[in-house]
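Each remark here refers to the structure printed beneath this line.
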Amino acid sequence: MAPPAQALEALLARSALGDRGAFRALYDATAPKLFGVALRILRREDWAEEVLQECYVSVWRHATEYRASRAAPMTWMTSIVRNRCLDWLRRPNPQPIDDEQLEGLESDNPGPLAELERGRDTAALARCLRGLEARQRQAIALAFFDGLSHAELAKHLREPLGTVKTWVRRGLARLRNCLELQG
Amino acid sequence: MNYRDKPELRERLAAEYALGTLRGRARERLRSWLRDDAELAREVAAWEARLAPMAQAVEPVTPPARIWAGVERQLGGAAHKPFSFWKTLGLIASGAAAALLAVAVLLPPQRARISPSVEGSYIAVLSDPKTNHPVLVATAERGETVLRVNTLDPAIHVAGRSLELWALPRGGQPKSLGLVSHEKVALKLVATADQSLGDVPALAVSLEPQGGSPTGQPTGPVLYTGPCVKYW
Numbered sequence: 000m001a002p003p004a005q006a007l008e009a010l011l012a013r014s015a016l017g018d019r020g021a022f023r024a025l026y027d028a029t030a031p032k033l034f035g036v037a038l039r040i041l042r043r044e045d046w047a048e049e050v051l052q053e054c055y056v057s058v059w060r061h062a063t064e065y066r067a068s069r070a071a072p073m074t075w076m077t078s079i080v081r082n083r084c085l086d087w088l089r090r091p092n093p094q095p096i097d098d099e100q101l102e103g104l105e106s107d108n109p110g111p112l113a114e115l116e117r118g119r120d121t122a123a124l125a126r127c128l129r130g131l132e133a134r135q136r137q138a139i140a141l142a143f144f145d146g147l148s149h150a151e152l153a154k155h156l157r158e159p160l161g162t163v164k165t166w167v168r169r170g171l172a173r174l175r176n177c178l179e180l181q182g
Numbered sequence: 000m001n002y003r004d005k006p007e008l009r010e011r012l013a014a015e016y017a018l019g020t021l022r023g024r025a026r027e028r029l030r031s032w033l034r035d036d037a038e039l040a041r042e043v044a045a046w047e048a049r050l051a052p053m054a055q056a057v058e059p060v061t062p063p064a065r066i067w068a069g070v071e072r073q074l075g076g077a078a079h080k081p082f083s084f085w086k087t088l089g090l091i092a093s094g095a096a097a098a099l100l101a102v103a104v105l106l107p108p109q110r111a112r113i114s115p116s117v118e119g120s121y122i123a124v125l126s127d128p129k130t131n132h133p134v135l136v137a138t139a140e141r142g143e144t145v146l147r148v149n150t151l152d153p154a155i156h157v158a159g160r161s162l163e164l165w166a167l168p169r170g171g172q173p174k175s176l177g178l179v180s181h182e183k184v185a186l187k188l189v190a191t192a193d194q195s196l197g198d199v200p201a202l203a204v205s206l207e208p209q210g211g212s213p214t215g216q217p218t219g220p221v222l223y224t225g226p227c228v229k230y231w
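Those sequence lines, one after another, are chains Z and D. Residue numbering for the first sequence follows numbering that gives the first Met the number 0, beginning at 0 and increasing consecutively. Residue numbering for the second sequence follows numbering that gives the first Met the number 0, beginning at 0 and increasing consecutively.
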């Protein structure tokens, strides 16, 4: 279960004031999930460790900039980690995902979606993801969970690049409309 | 590429940035626009809020202890980083009149630095003194009569016994605030947080028989304590 946002906000606020104990509690409450996110995108434990460490140093240094009115604490930290992972994959020699790894990816994600449906805050998202066409959902899930680029999606799904880009674009637009209707 | 007056393009770039499919120079370019385009930054934040909950579906993996050790090493040994409020106060006090100092105290510059939802709140983080590990967070808004208590470590709840939360007022007897019976409880305060906690520098939790202390004062061992801080 996700830690309560209010507790994380309080811990972030205390971290912003220099409270290392609160920061440790924030780490304990959030690091397993974020390590999972980084591992899935980077697919290498040593990279994921390095990125996670950098991200928490960054969270500590930028805790004063966190605004609860703009983002839930977990959203803020997830975005920091995912952005850092994607930057990492752009390094000059990051060893792009190879064909064998691409083959090995789960092509659909029934497990994660079922998990989302259990959460009160994530049920609407799960419903809207289910409402997408299967290939739109698959493309979005692979991009989010596995960090695949358009080109990698095209290769993995064996479809032309333009087709995959369209799936992603239309899938995102439908997702937005659906979430807005869910209010 | 002129993206500024093309709402559909902006929307798509923001969405694909948040999803991660915007790559390479396009990603860097968008990131540079975010610095001076607040509206675009809001669109990206809205997309992150839509998509980031997907991460809740990712299987958590316990990170090896060396990651935290590495974080601590990078942050240096100091337990507290310099806090700009005190730095500012120091500068004012060293060079200017006491009147200015008074103003600085009335309008501490850190106001804007704290997230709005905790502004005007009392916050207590209670730790286990043996491990120095925070286990509970209690928060209450100034004018409200509710104290919200969140458990950070579910293992502290013991079957057959009750955890009782106490206010430790300056120079007075502990006052019971209620039982922390679940991982997330909202305790009703007898008066507003300002009246109940205004002169309470610390909170504590004691282990009591089921249902709470029979005497109105802590009878079991005090397990966790922490300062109760005003955030405004």
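From the three backbone atoms N, C-alpha and C, an ideal C-beta is built for every residue, glycine too. Note that the structure is a prediction, hence the values are computed from the model and not measured.
Asked                                                                                                                      : Found
CB contact check: residue 162/D to chain Z, cutoff 8 Å                                                                     : no
Interface flag, residue 139/Z vs chain D, CB-CB below 8 Å                                                                  : yes
Reduced DSSP category for residue 19/D - H, G, I as helix; E, B as strand; rest coil                                       : coil
Whole-angstrom distance between residue 76/Z and residue 114/D, CA atom to CA atom                                         : For residue 114/D, the predicted structure reports a pLDDT of 37, less than 50, and the residue's modelled location is therefore unreliable. A value from the coordinates is still provided. So the two alpha carbons sit approximately 15 Å from each other.
Short CB-CB distance (under 8 Å) between residue 18/D and chain Z                                                          : yes
C-beta neighbour in chain D for residue 87/Z, strict 8 Å                                                                   : no
Closer than 8 Å to chain Z by CB, residue 66/D                                                                             : yes
According to DSSP, residues forming a beta bridge with residue 136/D                                                       : 124/D, 149/D
Environment of residue 128/D [buried if 16+ CB atoms lie within 10 Å]                                                      : exposed
Residues in the region 28-56 of chain Z having any Cβ partner in chain D nearer than 7 Å                                   : 28, 30, 31, 32, 34, 35, 36, 38, 39, 48, 51, 52, 55, 56
Proximal residues of chain D, C-beta to C-beta of residue 77/Z below 7 Å                                                   : 51, 54
CB contact below 8 Å: residue 175/Z versus chain A                                                                         : In the structure shown, chain A cannot be found, because the protein chains are Z and D.
Beta-carbon proximity list for residue 174/D, same chain, < 6 Å, skipping 5 on both sides                                  : 166
Bounding residues of the beta strand (DSSP E) (the contiguous stretch that carries residue 7/Z)                            : Per DSSP, residue 7/Z belongs to no beta strand (DSSP E); it is in the alpha helix (DSSP H), 4-15.
4 or more residues per run - each alpha helix (DSSP H) lying fully within the region 18-51 of chain Z                      : 19-41
Contact with chain D by residue 83/Z, beta-carbon distance below 8 Å                                                       : no
Neighbouring residues, chain Z, relative to residue 29/D (Cβ below 7 Å)                                                    : Going along chain Z, no residue has its Cβ under 7 Å from residue 29/D, so there is no contact; the nearest lies around 11 Å.
As assigned by DSSP and simplified to three states, the class of residue 55/Z                                              : helix
Contact with chain Z by residue 86/D, beta-carbon distance below 8 Å                                                       : Note that residue 86/D scores a pLDDT of 37, beneath 50, so its modelled location is shaky and nothing firm can be said.
For residue 50/Z and residue 87/Z, the rounded distance between their alpha carbons                                        : 8 Å
Contacts of residue 168/Z in chain D (Cβ-Cβ under 7 Å)                                                                     : 11
Alpha carbon of residue 9/Z to alpha carbon of residue 148/D, nearest angstrom                                             : 11 Å
Residue 65/D: first and last residue of the uninterrupted beta strand (DSSP E) it sits in                                  : First-last for residue 65/D: 64-74, but that is the alpha helix (DSSP H), not the beta strand (DSSP E).
Interface flag, residue 114/Z vs chain D, CB-CB below 8 Å                                                                  : yes
Residue 34/Z versus residue 215/D - alpha carbon distance                                                                  : 45 Å
Beta-carbon spacing of residue 73/Z, residue 21/Z below 8 Å                                                                : no
Backbone CA spacing between residue 28/Z and residue 151/D [nearest angstrom]                                              : 7 Å
Validate contact between the region 171-178 of chain Z and the region 7-22 of chain D using beta carbons, cut 8 Å, 3 pairs : yes
For residue 70/D and residue 64/D, the rounded distance between their alpha carbons                                        : 10 Å
Chain Z within 8 Å of residue 58/D, Cβ atoms only                                                                          : yes
Continuous alpha helix (DSSP H) stretch holding residue 173/Z: start and end                                               : 160-181
Cα-Cα separation between residue 161/Z and residue 99/Z, rounded to whole angstroms                                        : 23 Å
Residue 27/D to residue 229/D span [Cα, whole Å]                                                                           : 40 Å
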